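Q: Chain order of the listed sequences is A and B.
Per my numbering, the first sequence starts with residue 1, numbered consecutively.
Per my numbering, the second sequence starts with residue 1001, numbered consecutively.
Every residue gets a Cβ at the ideal spot worked out from N, C-alpha and C, and that includes glycine.
Quick caveat, the model's predicted, so the values are computed rather than measured.
2 protein chains.
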Amino acid sequence: MDAIDLSLVELLRGNARLSYAELARQVGLSAPAVHERVGKLESGGVIRAYRAEVEPEAIGLGVTALIGIVEDSTADTDDVLEAFRQMPEIESCYFMAGVESFLLKARVGTIAELEQLIVRLNRTAGVASTRTGIALSTKWENRPQPLESAAS
Amino acid sequence: MDAIDLSLVELLRGNARLSYAELARQVGLSAPAVHERVGKLESGGVIRAYRAEVEPEAIGLGVTALIGIVEDSTADTDDVLEAFRQMPEIESCYFMAGVESFLLKARVGTIAELEQLIVRLNRTAGVASTRTGIALSTKWENRPQPLESAAS
DNA sequence: AGGCTCAGGTCGATCGCATCCACGGAGAGT
DNA sequence: ACTCTCCGTGGATGCGATCGACCTGAGCCT
């Protein structure tokens, strides 16, 4: 993980469809060298996936909610997590410090579907209560921040 | 936005680096046809970007926080937003219903940097108070959900 | 019905890119 | 200095991206 790897990661965070030839020009190496470096970043777990970022409204997911979850005293955290994982509406799941053990980001098509999701969450074994906030609009999301230093 | 467009979007949400030839095989069209459709999805704003998803720890962003913002009575929401936009640590910004006008997701390298960010947020004109929750771990993030119906 | 027009495809050709392989050079250890 | 290893370069080759020409069916006007 040197400065060139970091540049490659930054370039691919900005545009995942850049060709190896283009990446090579940007970092000043040959295409095969870049190919190998990116391959190692992928297999080493630094690059997890390449995703198209889609306007949620365009695919019928116009409602975004952020939901805090309080576990009850009987809860097995792994089981609760597994139950969340089965709910495709939950796009992100953070395990939090504080009274609320989890913070979920969910996207659904309608308020009615959100209601059903909340009911399902409250019925889930181990869940004591939920607290839902509705996002009126997403100003931006997953903006890649410029990289300075490195690790590993 | 027909069923084929939806398949293309779903395929690219799963893997943004699929070739047009591969996409064409998957949806049963020719490569040029797919190329044109994807081009229209991009210029029509359905596909916003292609991004590599990176392990945050690997690039020195090991601390994730979710921060609620309460505006004061003098606040100009646009100005507040603009101030947030200048802070690269803020990866996502949602405008929320409720007492807290904004919910921010921020990533920084250390707790010390988080402290500095929170101080800066509290000093921002229009911000009355902040409430920060720290994510102990990210179970998953931006998982693409399977698409059923369409819009537009 | 006949024929125009247009959207959206296919096909074929060309050129650049991905990818494989053999080779080379710098740095560390002995 | 020798050699091993890592990491890179350059050349070759086959596939994919992309352009242009042409095809076809739907909708519509006359």
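#1: Could you tell me whether the Cβ of Val1009 of chain B comes closer than 9 Å to any Cβ of chain A?
#2: Looking at the unbroken alpha helix (DSSP H) that takes in Leu103 of chain A, where does it start and where does it end?
#3: Per DSSP, what kind of secondary structure is Val9 of chain A in: helix, strand or coil?
#4: Closer than 7 Å, Cβ to Cβ, to anything on chain A: give me those residues from the region 1022-1048 of chain B, in chain order.
#5: Just verifying my parser: in three-state terms, what is the DSSP assignment at Val54 of chain A?
#6: Run through the DSSP bridge pairs and tell me what Phe95 of chain A is partnered with.
#7: Identify the continuous alpha helix (DSSP H) that holds Val1070 of chain B and give its terminal residues.
#8: Would you mind giving the Cβ-Cβ distance between Gly1126 of chain B and Thr1074 of chain B, rounded to the nearest angstrom? I have them listed as a contact below 8 Å.
#9: Whose CA, out of A:Gln145, A:Val108, A:Val99, A:Arg143, lies closest to the CA of Arg131 of chain A?
#10: Does Ile59 of chain A come within less than 9 Å of chain B when only Cβ atoms are used?
#11: Which residue marks the beginning of the alpha helix (DSSP H) containing Leu41 of chain A, and which one marks its end?
#12: Residues of chain A with a CB under 7 Å from the CB of Glu1091 of chain B: which are they?
#13: With Leu61 of chain A and Leu147 of chain A assumed to form a contact (beta carbons below 8 Å), what rounded beta-carbon distance in angstroms separates them?
#14: With H, G and I counted as helix, E and B as strand and the rest as coil, what does DSSP make of Val1027 of chain B?
#15: Since Glu1115 of chain B meets chain A, which of its residues come closer than 9 Å, beta carbon to beta carbon?
#16: State the start and end residues of the unbroken alpha helix (DSSP H) segment that holds Asp2 of chain A.
#17: List the residues of chain B whose Cβ lies closer than 8 Å to the Cβ of Arg17 of chain A, in chain order.
#18: Using 8 Å for Cβ pairs, my map puts Leu1186 of chain B next to Phe95 of chain A. What's the rounded Cβ distance?
A: Let me spell this out:
#1: Interface residue, yes.
#2: Not the alpha helix (DSSP H): Leu103 of chain A falls in the beta strand (DSSP E), residues 102-108.
#3: Residue state, collapsed to three classes: helix.
#4: Within the region 1022-1048 of chain B, those residues whose Cβ lies closer than 7 Å to any Cβ of chain A are, in chain order, Gly1045, Val1046, Ile1047, Arg1048.
#5: Correct three-state label for Val54 of chain A: strand.
#6: Residue pairing by DSSP puts Phe95 of chain A in a beta bridge opposite A:Phe102, B:Ser1137.
#7: From DSSP, Val1070 of chain B is part of no alpha helix (DSSP H) but of the beta strand (DSSP E) over 1063-1071.
#8: Contact flag correct, Cβ pair sits at about 7 Å.
#9: Checking every option, the nearest Cα to that of Arg131 of chain A belongs to A:Val99.
#10: Yes, Ile59 of chain A counts as interfacial toward chain B.
#11: 31-43 is the extent of the alpha helix (DSSP H) around Leu41 of chain A.
#12: Those are Asn142, Arg143, Gln145, listed as they occur along chain A.
#13: The Cβ separation is near 30 Å, so there is no contact.
#14: Correct three-state label for Val1027 of chain B: helix.
#15: None at all; the shortest Cβ gap to chain A is about 15 Å.
#16: Element bounds for Asp2 of chain A: n/a, residue is neither H nor E.
#17: Ordered by position in chain B, the residues that pass the 8 Å Cβ test against Arg17 of chain A are Ala1016, Arg1017, Tyr1050.
#18: Coverage of chain B is limited to positions 1001 through 1152, which leaves residue 1186 of chain B absent and any answer about it impossible.
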